[in-house]
Every structure is written in C-alpha cells, then in structure tokens.
Amino acid sequence: MALSLAGKHCAIVGATGIIGTSIAKAFASHGAVLTLLSRSIPEAQPSFEKELRKPPTSTANKAPTSHRYIKLDVRQPDNVAATFRGLENKDQAVGPVDILINCAGISQTTLFKRTPDEEIRSVLDTNLLATMLACKHAKVQPNGCIINVSSLMALKGAVGATVYAASKAGVVGFTRALCLEMSARSIRVNALLPGWVDSPMWNNLKPDVKKEYLQATPLKRIASPEEVADAAVFLATNQFANNCVLNLDGGLSAS
Ligand SMILES: NC(=O)c1ccc[n+]([C@@H]2O[C@H](COP(=O)([O-])OP(=O)(O)OC[C@H]3O[C@@H](n4cnc5c(N)ncnc54)[C@H](OP(=O)(O)O)[C@@H]3O)[C@@H](O)[C@H]2O)c1
C-alpha cells in the first residue's frame, strides 16, 4: 500500500491509551513520524521503540527524523501551551505538525448527582478543554489536519455518563466550528466517534450492561482498537474529509 503519510509529522495526545497506541502503530506503519504525548509516555517509550516502524530517513518538510516522546499532563493548561509552542524548552516542544490527534480522555462511572464536583471538572478539563487548548497551541501546517476523538456518547445518552457525554458532545460542536475557522489555513478538522471498543473502558462495564449494549448493536460486537485506528488513517489521508463526524459504532447509534 502507498504510504500517503510518509514523512508526515503526527502528534498524538493520549498515545499510551488502547486507542492512542493503536493509532500510533497504524500511522507509523504508514511512514509517519510521531510525537507521542501523555503523562506515562516515559514508561511506555521502550515498548513503543520496539514496536513502531522507524520513520523514513528523508522527510518532505521540517518533521523530526525520529519518533519523539514528550511527557504531558493535559490538565495543566500552561503545560499544553508550552509543550506545543516550545515556550520553555525547545527540545521538549512539539513544533510544526501535519496531523494533530487528540485522543486523551477519561471516563465517568457515577450517576450525576453522586459525581463529585472535582470529578466533573476533571472530565471536562481532560476531554474538552485539553482538546481545545491543543488545537489552539499546536502549529498545524497548511494542508494538515486535526482529528478529535469524541465518542458515540456525544450523540446518545447513557446512565452514569452525563459529564463524559457533555464533554464529548462539546468536542463535536468545537470540531464543527473550528473547521470553519481553520479553512483559512487549509487545515481539515474532523471528529471520530467510536462506539464501544475492546478496552478497559468496555471491560469495566458490568456483564449485564455489556449484554444490553451488544444486543442493541446491529453488528453484535465491539470494535477492535485497530478498526478505530483505521478510521483515523482515513480521516488523515482522505483530502476531502472535513467536518466529518464519523460514527464508528457498529450501528449502535441507530438503535
Ligand atoms: N474505549 C472505548 O470504548 C472508547 C469509546 C469511545 C471513545 N473513546 C475515547 O477514545 C479516547 C481513548 O480511549 P482509550 O480507550 O484508549 O482510553 P485509555 O486506554 O484509558 O487511554 C486514555 C489516554 O488518555 C491519556 N490521558 C488521560 N488523562 C490524561 C492527562 N491528564 N494528561 C495526558 N494524557 C492523559 C492517557 O495517558 P496517561 O494516563 O499516560 O496520561 C491515555 O493515553 C478517549 O478520549 C475516550 O474517551 C473510547
């Protein structure tokens, strides 16, 4: 297969998660040079170094020549700005990118009335505000693209997921509006809405809840992380994909 991502510099925020790791592997396998970010990226670096395909030696733009690993807590707004813009340490700055993927996220498992205020703030800060700040401070290059990982729950209610759903619906609204503003810079902006994915988020559900979701899903199964990564590759490589709100949920959103 042609490596249409060859030499492209892709920053993945939340790269150590199940979905982020899968996206990292897929993009590296297509020749992208990666900057991987999360809180636990230093611990994960050795295993990424073993598993990721090395980027091509020559690159068309000013992309780094090897994959890079930058520790970032997206709940620290000043750090997000500094990390993307290189305000403090140029070596630890992301620099110009062709593709930005916002994939960091945390879930919620409590009924709204029982959710502590601090947790409400944490979910919104991690899932929504951090996505906005990364989009604001990243130096996405002309003809580049942004992919914001939202969720099926942006569109469909679920018990125990009020704040999570609001944060992910916010990501969709933000993506749509940003798409218009970024057109002046020739940057495409898309949202990816996975349904349930084989991940701890799914595994932590009670068996009867899992059963209900599976019954309600026309395809009667959950997605693999690789299928989500495949959708991200599509959004990054299809040059007409803009303002896509891509449901990847096995049809669950239809039920
Ligand atoms: N799994 C699903 O079924 C599913 C379905 C729909 C949508 N999604 C969305 O897909 C995305 C990835 O989900 P996943 O299943 O891969 O989750 P995961 O395995 O729990 O990974 C979450 C990622 O977010 C990062 N993260 C969390 N808090 C952070 C912080 N304060 N600063 C920096 N990074 C932070 C984590 O890295 P560190 O802990 O190292 O910081 C990790 O890389 C999330 O946005 C999630 O809402 C998931």
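Here full-length UniProt numbering is used: the first residue of the sequence shown is 1, the next is one more, and so on. Yeah, the Cβ is synthetic: ideal placement off N, Cα and C, and Gly gets one too.
When C-beta atoms of the segment 39 to 53 are compared with those of the segment 170 to 184, fewer than three pairs fall below 8 Å, so the two segments do not count as touching.
In this structure, the straight-line span from the alpha carbon of Y69 to that of L34 is close to 8 Å. Annotation for H137: the continuous alpha helix (DSSP H) segment containing it runs 130 to 137.
If you compare the alpha carbons of P194, R39, S122, F112 with that of L246, the shortest gap goes to P194. The Cβ-Cβ distance between D98 and G144 falls below 7 Å. C-alpha of S183 to C-alpha of N242: approximately 9 Å in a straight line. Short of 7 Å from the beta carbon of P56, and not among the five residues preceding or following it, lie these beta carbons of its own chain, in chain order: A6, G7, G31. Counting along the chain, the unbroken beta strand (DSSP E) around T35 starts and ends at 33 to 38. From the listed residues A82, I19, A26, S224, the smallest Cα separation to A130 is found for A82.
Scanning V140, L214, T217 for the CA closest to the CA of C179 turns up V140. With respect to A191, N148 sits close: the two C-beta atoms are nearer than 7 Å.
Looking from the CA of A138, the closest CA among I101, L128, R114, W202 belongs to I101. Sixteen is the threshold: since fewer than 16 other Cβ atoms of the shown chains lie within 10 Å of the Cβ of T109, the residue is exposed. With a cutoff of 6 Å, V80 does not count as near ligand 1, since its C-beta is closer than that to no heavy atom of the ligand.
In this structure, C103 has its CB closer than 6 Å to one or more heavy atoms of ligand 1. Contact between the segment 203 to 223 and the segment 163 to 170 is absent: fewer than three C-beta pairs spanning the two stretches fall below 8 Å. By the neighbour-count definition (other C-beta atoms within 10 Å, threshold 16), T126 is a buried residue. Nearest Cα to I222 within the set T162, W196, R53, A93: W196. A254 counts as exposed, since fewer than 16 other beta carbons sit within 10 angstroms of its beta carbon.
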